[in-house]
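Protein chains in written order, with this note's numbering: chain C, 264 to 432; chain L, 993 to 1676.
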């Protein structure tokens, strides 16, 4: 009787352990699968479809676009093999050239793509500062030698001030 | 009719050539009669181009497939609506359409100014005629829409060949918005020719004062309004038709339309500096020049095949012509500037760094920086290929990284700029105008962050949007309160009165409010979700708050297509909220396919469902669904923006003498005149 009881307990424990292990494996599997698809999705947004549509690989939805389908299949395969993201991108660059990347690399001539907009912005600020400085200097310089203001000039200035501040935004 | 159209174009070319020659001779010899003759020639050219355009439309409507352009862009089964829209669907027709729009603009400019500005208008007429001449040369010699299909017989004679049916319009273009979007965009592109012509004419003729700015103000706003409308309609078309779940892909053709919009926006702002303070004259002239040159550059990019784009026309020689015209115009503008630059001296200097003037300078800097970044990214693949022989891609991630910070700074200036006073702004005024909006904006951010709004740019965008929206609302409230206090009007009536008394100012605020709504919609993209799944009838998938249940999958015939249609039930919290019908159509006779997206749109988010086609492996329908938050705000913002532009175009209502009924002192109301309210009293 005791043996039967023990064997039942053992069986139950074994069954629970197996079920728990199965559930963990299943969940783990699902998690891995979800992670994979997310990784593939993220990588597909770092590359361009090369069918000429100028769209991000993961967003190319042209019906019958063989180029993006083939590229996405290759991407899925590599992600399924757990290859690192950098290596996958590198392999795509080797196969399709630099134009497969959705944004220019930060090396070589391509780095100028990134450098020029902030440089232009800085140059613009520089020009603005010079212009403001010159305007301010021009305004303050002749102040000492300014003649007394006649009533006509004053009236005209008031009229102008009214025109400048009265209307329009 | 094709011969009629061809001859009309040739005659228009001759008339415009004469208008250029006679106009130059009239300016040189100061001959008034010759000037009038040049005007008449330009008006005649307008009539002739209209006849040529009408004859091409007639050829489309009568299915005349002996004309190559008609055969390539229309078919018998095509809806009448799209037969008309086919006019601008290809290279040759769209260039003719461009010529026609320019001719109409020229007609109105010359007609409305026929007895005004005798010193300026001859120059304007010549500049406009030169631009018209360039497009007519393209229409006649390079991209003639009236070319007929024919064969050469053994004896050398040519015989017309009429195809039984045409290839039909590209399915992607068979959508109602494609009937409105290109004309709106072209009206914008072409419309910038008018301020350009006036600016160049004023510089060439050393026309005194800011008159050319006053004359072109409305023309510039019309062009800008149409450009904005065209861009937004294009974005909506991309969203509703292309089926990739987005509305802006930073495609070179999209960028090409944005470039002149950015410089045009800068011009609309900086022009006020010249009007009010006689400053930034050189800057304004060059902004107009650059805007026009960018319009031409954009057209060249679209049509030359230099840059690959899903929107671009077929590769052709037309790009060389545009490049030549672009360089010639640049040389002419530079020469005119160098020759007469002393005429563009500023009349005033800056009084304070915290002033409306300096905010306009920053606004211009930011807009120009955005324009440069977009232009640089668009051209970089070509530059890279020329320098290192390797073509690289510059896609949305680059543009997003570079332009989002610039856009947010621009949004900040949208709120700050208009409330700074001209010349100088006191700290007290700053506190009064910005204290509450800033506090509420920051509070919004403080509340939104713990609620899960963690995307940095989206958070900043929402904070700034609240801040800017409040500054605008407060500006209306303060002005309306003053009017209400002085006249006894209802609040809404006071708002209307305030707006109509200074349409440019308050129309501008409404435009700014539209921009805020658009930014809110753009920020929503940070929270997009999507899911793609093979589905059989009866299966469902979960996305965001929704359950998407595929009910049936059927085929149905249309007028010139056969559609595969999925019927999808959308459930929210177990309750059915909507049926969606995404389709995939195969068009006759071309056999081309197109998607019809189905969207369940609310202010909170769009559920966007695409039938992506059958799976190659299983043949089961593949459904791709997206949840795109806040997209509707973009279209609402567009409507508000266009409304604001329309209001800004209206003439100011004269500030009628205001009256306040002093009823309490007498049985007969005594009307007491009070001074008209000044909205600035509230904040300046």
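Backbone N, C-alpha and C fix where the C-beta goes; we use that ideal spot for every residue, glycine too.
Keep in mind that this is a model prediction, so the values were computed, not measured.
- Taking 9 Å as the threshold, the shortest C-beta distance from residue 351(C) to chain L does not fall below it.
- Look at the beta carbons and you see the stretch 1152-1160 of chain L touching the stretch 1053-1069 of chain L: at least three pairs across the two are nearer than 8 Å.
- Per DSSP, reduced to three states, the secondary structure at residue 1589(L) is coil, with no helix or strand assignment.
- When the beta-carbon positions are compared, residue 1429(L) and residue 1460(L) come within less than 9 Å of each other.
- The contact set of residue 1236(L) on chain C, defined by CB atoms closer than 8 Å, consists of 318, 322, 323, 324 in chain order.
- Under a criterion of Cβ atoms nearer than 8 Å, the residues of chain L adjacent to residue 365(C) are, in order, 1385, 1387, 1388, 1389, 1390.
- Residue 1128(L) and residue 1004(L) do touch by the CB rule: their CB atoms are close to 6 Å apart, below 8 Å.
- Taking a beta-carbon distance threshold of 9 Å, residue 376(C) counts as an interface residue toward chain L.
- Residue pairing by DSSP places residue 1599(L) opposite 1592(L), 1619(L) in a beta bridge.
- Spanning the alpha carbons of residue 1154(L) and residue 1077(L) requires a straight line of approximately 22 Å.
- Exposed is the label assigned to residue 390(C), since fewer than 16 other Cβ atoms lie within 10 Å of its Cβ.
- Taking C-beta atoms under 8 Å as the contact rule, residue 1087(L) and residue 1586(L) fail to qualify, at a distance of about 25 Å.
- Taking residue 1293(L) as reference, the option from 1525(L), 1083(L), 1422(L) with the minimal CA-CA separation is 1083(L).
- Between residue 1044(L) and residue 997(L), the beta carbon gap of about 5 Å places them in contact (Cβ cut-off 8 Å).
- Boundaries of the alpha helix (DSSP H) harbouring residue 1011(L): 994-1021, taken from the DSSP string.
- Within the stretch 336-396 of chain C, the complete alpha helix (DSSP H) segments at least 4 residues long are 348-359, listed from N- to C-terminus.
- The beta-carbon distance between residue 1287(L) and residue 1184(L), rounded to whole angstroms, is 5 Å. This is short enough to meet the 8 Å contact definition.
- Under a 10 Å Cβ-count criterion, residue 1331(L) is classified as exposed, with fewer than 16 other Cβ atoms of the shown protein chains found around its own Cβ.
- By the CB criterion at 9 Å, residue 1310(L) and residue 1060(L) fall outside the cutoff.
- Rounded to whole angstroms, the gap between the alpha carbons of residue 1118(L) and residue 1189(L) is 9 Å.
- Residue pairing from DSSP places residue 1558(L) in a beta bridge opposite 1545(L).
- For residue 322(C), the closest alpha carbon among the candidates 367(C), 304(C), 349(C) is that of 304(C).
- Inclusion of residue 1230(L) and residue 1242(L) in the CB contact set at 9 Å is not warranted, their separation being larger than that value.
- Contact between residue 1640(L) and residue 1503(L) holds: their C-beta atoms lie close to 7 Å from each other, under 8 Å.
- Assignment of residue 310(C) by DSSP, reduced to helix, strand and coil, places it in the strand class.
- Counting C-beta pairs closer than 8 Å gives fewer than three between the stretch 1375-1386 of chain L and the stretch 378-396 of chain C, which falls short of the contact rule.
- The beta-bridge partner set that DSSP reports for residue 319(C) consists of 311(C).
- Contact of residue 311(C) with chain L by beta-carbon distance below 8 Å involves 1385, 1387.
- When rounded, the separation of the alpha-carbon atoms in residue 1316(L) and residue 1019(L) is 26 Å.
- Segment contact: the stretch 1387-1404 of chain L against the stretch 1439-1455 of chain L, three or more CB-CB distances shorter than 8 Å; contact assigned.
- Chain-order list of chain L residues neighbouring residue 372(C): 1376, 1379, 1380, by C-beta distance under 8 Å.
- Using beta-carbon distances, residue 1637(L) does not count as an interface residue toward chain C, since no partner is under 9 Å.
- For residue 1548(L), same chain residues with a beta-carbon under 8 Å away, outside a window of 5 residues either side, are 1554, 1555, 1557 in chain order.
- In terms of beta-carbon proximity, residue 1602(L) lines the interface with chain C, with at least one pair separated by less than 9 Å.
- The C-alpha of residue 1620(L) is placed about 59 Å away from the C-alpha of residue 1145(L).
- Within chain L, no residue has its beta carbon less than 9 Å from that of residue 348(C); the closest one is some 15 Å off.
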